[in-house]
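Input: a single structure, listed below in structure tokens.
Residue numbers (the numbering used here): 816 to 1093.
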């Protein structure tokens, strides 16, 4: 009977809560790392000239544009990623995602959509673990900031566990200190996903409880109302479980042991990649 009540309530509430495209504003630019902000940061006059030419709208060599991108120049990274994206060569998808990631991390508008578009068509096996971790963190950062494209991608990738692998462990840590509308919306969607599972574990329900706590801080009335209505249903389920206290103690110990994140994405450094010919 309890499951029937939950299902009925959830069906009535979901139209207002689960569509990532309803998040406003639709596009949010996030700056995760500073990257190259001045030509004085470049190691050679050749690259200084190349960067100035690029900023003026002139074409520069692929070699120079890639060197600038590897040093963290977001504009160069975006241009190089767009060049790579024009190729039908599947083997270039990982490089394309990498450079879109640099551009997104340095706050280049539109780069996050290019990154997601690339990840949607990538072979997960071509992503190194280092790149996977960095791109995952950039994507989650945008989602927590409220970017609707990133919110949608996080939900899709979380359910499929591809192309970035399981996102739950990263979200658990991030949601501990998350705030804002993007985090509230993401928290609600993650909680709903867990609660819709016909057989969630107690640990998963405790995770959903934390997500609902974040969701309940939303300024959006729809998000707040859904979170507050789902909370008593979740609490009733938790209190009925014989392993509730043990799971709660384990969760609290894990939270205390976790290290606070000072930066979502690691500092971007020059990469040692095979030569790419677009």
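No residue lacks a Cβ here, since even glycine has one placed at the ideal position from N, Cα and C.
Straight-line Cα distance separating residue j from residue i
i	j	result
residue 841	residue 1044	Note that residue 841 scores 41 on pLDDT, short of 50, meaning its location in the model is unreliable; the coordinates nonetheless yield the value given after this. Distance between the alpha carbons of residue 841 and residue 1044 is about 26 Å.
residue 1091	residue 963	Note that residue 1091 scores a pLDDT of 32, beneath 50, so its modelled location is shaky; the value from the coordinates is reported in the next line. Taking the straight line joining both Cα atoms gives about 32 Å.
residue 861	residue 956	34 Å
residue 904	residue 898	12 Å
residue 914	residue 1005	29 Å
residue 1062	residue 1052	13 Å
residue 1040	residue 1031	8 Å
residue 1058	residue 1003	24 Å
residue 1026	residue 1056	19 Å
residue 997	residue 1060	31 Å
residue 935	residue 912	10 Å
residue 937	residue 908	6 Å
residue 836	residue 1068	Only weak support exists for where residue 836 lies, its pLDDT of 32 falling under 50; the coordinates are left without a value.
residue 885	residue 1034	40 Å
residue 1038	residue 910	37 Å
residue 1065	residue 922	38 Å
residue 995	residue 875	41 Å
residue 889	residue 1036	37 Å
residue 927	residue 954	8 Å
residue 939	residue 902	18 Å
residue 873	residue 976	41 Å
residue 924	residue 852	15 Å
residue 887	residue 990	28 Å
residue 1047	residue 973	25 Å
residue 854	residue 951	29 Å
residue 1011	residue 1042	14 Å
residue 1007	residue 850	37 Å
residue 999	residue 1029	5 Å
Per-residue DSSP class, three states only, for residue i
i	result
residue 1016	coil
residue 941	helix
residue 852	coil
residue 1032	coil
residue 982	coil
Cβ distance (whole Å) where residue i is taken to contact residue j below 8 Å
i	j	result
residue 848	residue 892	About 11 Å; that fails the 8 Å criterion.
residue 1049	residue 1023	6 Å
residue 896	residue 918	6 Å
residue 863	residue 960	That belief does not hold up - the Cβ atoms of residue 863 and residue 960 are roughly 32 Å apart, past 8 Å.
residue 916	residue 941	Between residue 941 and residue 916 the Cβ distance is about 14 Å, and since that is not below 8 Å, they are no contact.
residue 883	residue 865	6 Å
Any C-beta of chain D under 9 Å from that of residue i
i	result
residue 850	The question asks about chain D, but that chain is absent: this structure has only one protein chain.
Are three or more beta carbon pairs between the region 964–981 and the region 1018–1033 nearer than 8 Å? no
Within the chosen definition, does the region 868–879 reach the region 940–948 through at least 3 CB pairs nearer than 8 Å? no
The region 955–974 contacting the region 915–935, beta-carbon criterion three pairs below 8 Å: yes
Every unbroken alpha helix (DSSP H) within the region 858–916, with a cutoff of 4 residues, ordered by chain: 860–870, 877–885, 889–900
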